[in-house]
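To start, the structure itself, in structure tokens.
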Amino acid sequence: MINLKMMPCQEKMKKELLETLKILVETPTLSGEEEKVERFLKEELSSSGFKVKKVKKGEVFYLHAWRGNSTLIISAHLDVFPLYNFSKGFQLAGEKIVKGRGVLDVKGQISALLLALRRTSYPCQIIFTTWEERTGKGSEIVDVEGEGCLVLEPTEFTICTSQAGSIEVEFLVEGRTSHGSLPWKGENAIERAFLFYQKLQNLPSLSVTHPHFPKGGWLTLGRIEGGWEVMVTPDWCKMEVEVSFPPSVKIEKVKREIERSAKEEKVKYQWKDFSPPYEIDSRKKVVVLLKNAVKRILGKEPKMKGIECWTDAENFVKKGIPTVVFGAGPLYLAHTERERIKIEKLLLLTQILEEFLKEWENTT
């Protein structure tokens, strides 16, 4: 394992990484605003020996950069999750941690990548996508060929060779109004919604496990609203729910179970999004070489698992490119007011990416 404290160039690396990250984080790029960082990235990539082109389709675009001839693709998205009331800019918390929207997901990962590219001359392709946090259409329009792809996302240095499937659905539960002090004279839609949600928690598909998802599937109740005020028994309640499931379950089966449950309880529903699960062969070159690179830098065998959320990797897999998801920091802090990452982890990611680029070139 490389001990960064013993590296003479550590402080220089840290300075360069934080300078890049500060520029990226202080340039707000919600979905649809990614062009704000386009010029900076083009200059960065060009100075590292890359040719860069922009491919645009309507409001969606991606940047494709290449250095030499390589079948390796490394990709990251440029947009960040909406701030809501979590508004925070770039902040240093002492000497070890950086905070702010995007430092983890995924501008910190991009900063580590740009530093690795600056410090090496190995051939590779880079894809920067847009709209990942909303529609995923940025990677949907990507038209490139490759033997393997690494999508940068926070995984705590765990190599993800699979992705959970998901269905987003909005439910409308109806009831009957009455004076709020006589709720038994009406039918409380919010209480009906609670009972229906409990029914969804028992969908048969959620109990199916997978080596990468040993607890099986799960639900996320992301939003609920209903009723008028406390003196009226509510006659409506809306719930936005994501149903997630492992690659061992077919998306069609989950959809049928949701439909059956809704019909049984007379609940209206509207499909919002479908994302099938996937899993790639762990013997693929991109997996084997990344494992070698991680082991060499961290000094231990990396863990293998699946990523719980949708990522651009799905669209690369659909194009027939074996794709892994990998990066520094914990996913659970992304999208929150607590978003942060240890600087040391980003510097380690730089080292892993450098080693991975070397591994790929040496086997070409």
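Here the sequence shown stands for residues 0 to 363, numbered as in numbering that gives the first Met the number 0. Yeah, the Cβ is synthetic: ideal placement off N, Cα and C, and Gly gets one too.
Subject >> Per-residue DSSP class, three states only, for R118 >> reply: Of the three classes helix, strand and coil, the one that applies to R118 here is coil, per DSSP.
**OP:** Confirm, please, whether the CB-CB distance from V253 to S177 is below 8 Å.
**Re:** For the pair S177 and V253, the CB atoms are not nearer than the 8 Å cut-off.
Original post:
Helix or strand or just coil, what does DSSP make of K237?
Top reply: Note: K237 maps to strand in three-state DSSP.
Original post:
If you follow the alpha helix (DSSP H) that W359 is part of, which residue opens it and which one closes it?
Top reply: W359 -> alpha helix (DSSP H) spans I342 to N361.
Original post:
What's the gap between the Cα of F355 and the Cα of V141?
Top reply: Cα to Cα, the separation comes out at about 23 Å.
Subject >> Limits of the unbroken alpha helix (DSSP H) element including G137 >> reply: K136 to E139 is the extent of the alpha helix (DSSP H) around G137.
**OP:** Please state if the CB of G147 and the CB of K294 are separated by a distance shorter than 8 Å.
**Re:** Cβ atoms of K294 and G147: not closer than 8 Å.
**OP:** Under 7 Å Cβ to Cβ from L345, same chain only, skipping five residues before and after it: list those, please.
**Re:** A distance below 7 Å between beta-carbons, with the five flanking residues on each side excluded, links L345 to the following residues of its chain, in chain order: L16, G107, S110, A111 and A327.
Original post:
Among K214, G137 and V229, which one has its Cα closest to the Cα of L181?
Top reply: Residue V229 is the option with its Cα nearest to L181.
Subject >> Exposure of G221, with buried meaning 16 or more beta-carbon neighbours within 10 Å >> reply: That one is exposed.
Subject >> Rounded C-alpha distance that separates F195 from I340 >> reply: Going from the Cα of F195 to the Cα of I340 covers about 38 Å.
Subject >> Endpoints, alpha helix (DSSP H) assigned at Q9 >> reply: DSSP places Q9 inside the alpha helix (DSSP H), whose first and last residues are Q9 to V24.
Subject >> Own chain residues within Cβ distance below 7 Å of G93, not counting five before or after >> reply: Leaving aside the five residues that flank G93 on each side, none in its chain has a CB nearer than 7 Å to its CB.
**OP:** Can you check DSSP and say which residues form a bridge with I158?
**Re:** Paired residue(s): M303.
Subject >> Where V97 sits in the DSSP three-state scheme >> reply: Looking at V97 - three-state DSSP - the assignment turns out to be strand.
Original post:
Does the distance from the CB of L218 to the CB of V248 come in under 8 Å?
Top reply: For L218 and V248, no; Cβs fall outside 8 Å.
Subject >> Reference K41; option with closest CA among K11, E307, L113 and C159 >> reply: Nearest of K11, E307, L113 and C159 to K41, Cα basis: L113.
**OP:** Would you check if the region 299-306 and the region 59-76 touch, i.e. whether three or more CB-CB distances between them fall below 8 Å?
**Re:** No: fewer than three Cβ pairs fall under 8 Å.
Original post:
From V207 to E25, what does the alpha carbon distance come to, in whole angstroms?
Top reply: Their Cα atoms are separated by approximately 43 Å.
Original post:
Rounded to the nearest angstrom, how far is the Cβ of G145 from that of S243, given a contact under 8 Å?
Top reply: At roughly 28 Å, the Cβ-Cβ gap does not stay under 8 Å, so G145 and S243 are not in contact.
Original post:
Considering only residues of the same chain and omitting the five flanking positions on each side of F127, which have a CB-CB separation below 7 Å?
Top reply: Excluding residues within five positions, the ones whose Cβ falls inside 7 Å are L40, Y61, L62, A75 and L77.
**OP:** Could you pull out every residue in the same chain whose Cβ sits closer than 8 Å to the Cβ of V79, ignoring the five residues on either side in sequence?
**Re:** Result list for V79: P27, T28, L29, R100, G101, D104, K106 and E132, in chain order.
**OP:** Using the DSSP secondary-structure output, state which residues sit across from D272 in a beta bridge.
**Re:** Residue pairing by DSSP puts D272 in a beta bridge opposite E167.
**OP:** Report the three-state DSSP secondary structure of E37 (helix, strand or coil).
**Re:** Residue state, collapsed to three classes: helix.
**OP:** To the nearest angstrom, report how far apart H209 and G216 are at their CA atoms.
**Re:** Between H209 and G216, the C-alpha separation is close to 9 Å.
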